[in-house]
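**Student:** Have a look at this one.
Have a look at this one:
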């Protein structure tokens, strides 16, 4: 597997600092399980943070326990995290070991979703989306940052093509209309700080009733 698109340095730093919203952190955690390069960079950032803390006088800390629903970052080897599974380790307790066994909820013909639960106080969302071969999602923008990790197949949009392991970052100033690969379709893990902003009336109606 050759991963061509990685999280930007700002998001890696935010991940290392533990300051990302839980949905975005989940996508980062899943990417780390299949990307040696980003695991190495994250380990370096962690070591820099630890070195900086050594120079700070100790003060009492209020420990905030992570939500039990948040998939934690998994800096383990690829082999350990992918044995007999095409699902990244942080997601397996929610969806099982095989993408093919997920209980998908149909949105429209050829498009399915599987929402992943987050903490009740979370303002972000996390879901798996499956798009049939050659199908196109409606043109849409974003409410805040959106991170997409390709888990199976591939897709393309106005800005390029994306394959397994690639991370796609879209801000609220970007609109696109992704198209799943003709041969394989695609399955993606998508974290959003807000709902998609569909430009077409029909797509907005479907969104209202499906939560897509």
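Numbering (the working numbering), first residue to last: 15 to 226.
Built from N, CA and C at the ideal position, the CB exists for glycine as well.
As the structure is a prediction and not an experimental result, all values here were calculated from the model.
On a Cα-Cα basis, can you pick out the residue from 51, 41, 26 and 44 that is closest to residue 59?
**Tutor:** Residue 59 sits at position 45 when you count from the first residue of the chain shown. The residue with the shortest Cα to Cα distance from residue 59 is 26.
**Student:** DSSP on residue 49, reduced to helix/strand/coil?
**Tutor:** For the purposes of this step, residue 49 is identified with residue 35 of the chain shown, where counting begins at 1. Note: residue 49 maps to coil in three-state DSSP.
**Student:** With distances taken Cα to Cα, identify the nearest neighbour of residue 207 among 156, 133, 172 and 165.
**Tutor:** In the chain shown, the residue the question calls residue 207 occupies position 193. When each option's Cα is compared against that of residue 207, the closest is 156.
**Student:** Buried or exposed: which applies to residue 154, given that a residue is buried once 16 or more other Cβ atoms fall within 10 Å of its Cβ?
**Tutor:** For the purposes of this step, residue 154 is taken as residue 140 along the chain shown, with counting starting at 1. Buried, because 16 or more other Cβ atoms sit within 10 Å of the Cβ of residue 154.
**Student:** Could you check whether the region 179-188 touches the region 128-146, counting it as contact only if at least three pairs of C-beta atoms, one from each stretch, sit closer than 8 Å?
**Tutor:** no
**Student:** Please classify residue 9 as buried or exposed, where buried requires at least 16 neighbouring CB atoms within 10 angstroms.
**Tutor:** Not covered by the structure: residue 9. The range shown for the chain is 15 to 226.
**Student:** Does any residue of chain D have a CB that is nearer than 8 Å to the CB of residue 128?
**Tutor:** Among the protein chains of the structure shown there is no chain D, as only one such chain exists.
**Student:** Closer than 6 Å by C-beta to residue 199: which residues in its own chain qualify, once you throw out the five before and the five after it? Chain order, please.
**Tutor:** The sequence position of residue 199 within the chain shown is 185, counting from 1. Around residue 199: 145, 146, 147 and 167.
**Student:** Label residue 142 either buried or exposed according to how many other C-beta atoms from any shown protein chain fall within 10 Å of its C-beta, with 16 as the threshold for buried.
**Tutor:** Along the chain shown, one-based indexing puts residue 142 at 128. Residue 142 should be labelled buried.
**Student:** Return helix, strand or coil for residue 92, following the three-state DSSP convention.
**Tutor:** Taking the first residue of the chain shown as position 1, residue 92 is located at position 78. In this prediction, residue 92 scores a pLDDT of 40, lower than 50, which makes its location untrustworthy; no coordinate-derived value is stated.
**Student:** On the three-state DSSP scale, how would you describe residue 188?
**Tutor:** As a working mapping, residue 188 is identified with position 174 in the chain shown. In the structure shown, residue 188 sits in coil (DSSP, three-state: anything other than H, G, I, E or B).
**Student:** Taking its Cβ as the centre, do 16 or more other Cβ atoms sit within 10 Å of residue 139, making it buried, or is it exposed?
**Tutor:** Numbered from its first residue, the chain shown carries residue 139 at position 125. With 16 or more other Cβ atoms within 10 Å, it is buried.
**Student:** Is residue 150 close to the ligand ADP? I mean its beta-carbon at under 7 Å from any heavy atom of the ligand.
**Tutor:** Questions concerning the ligand ADP fall outside what the structure shown contains, since it holds no ligand whatsoever.
**Student:** According to DSSP, is residue 140 helix, strand or coil?
**Tutor:** What you label residue 140 is simply residue 126 of the chain shown in a count that begins at 1. In this structure, residue 140 counts as strand in the three-state DSSP scheme.
**Student:** Measure the beta-carbon distance from residue 192 to residue 151 and round it to whole angstroms, keeping in mind my assumption that it falls under 8 Å.
**Tutor:** Taking the chain shown and counting its residues from 1, the one referred to as residue 192 is at position 178. Taking the chain shown and counting its residues from 1, the one referred to as residue 151 is at position 137. Right, the Cβ-Cβ distance comes to about 5 Å (below 8 Å), so this counts as a contact.
**Student:** To the nearest angstrom, report how far apart residue 189 and residue 35 are at their CA atoms.
**Tutor:** As a first step, residue 189 must be located in the chain shown, where it is residue number 175. As a first step, residue 35 must be located in the chain shown, where it is residue number 21. Here the alpha carbon of residue 189 sits roughly 22 Å from the alpha carbon of residue 35.
**Student:** Going by DSSP in three states, residue 169 sits in which element: helix, strand or coil?
**Tutor:** In the chain shown, counting from the first residue as 1, residue 169 sits at position 155. Of the three classes helix, strand and coil, the one that applies to residue 169 here is strand, per DSSP.
**Student:** What would DSSP say about residue 98, mapped onto helix, strand or coil?
**Tutor:** Indexing the chain shown from 1 puts residue 98 at position 84. It is coil, neither helix nor strand.
**Student:** On the DSSP letters alone, give me the boundaries of the beta strand (DSSP E) that residue 129 sits inside.
**Tutor:** As a first step, residue 129 is located in the chain shown; it is residue number 115 there, counting from the start. From DSSP, the beta strand (DSSP E) with residue 129 extends over 125-129.
**Student:** Which class does residue 207 belong to by DSSP, given the choice of helix, strand or coil?
**Tutor:** One-based indexing of the chain shown puts residue 207 at position 193. Residue state, collapsed to three classes: coil.
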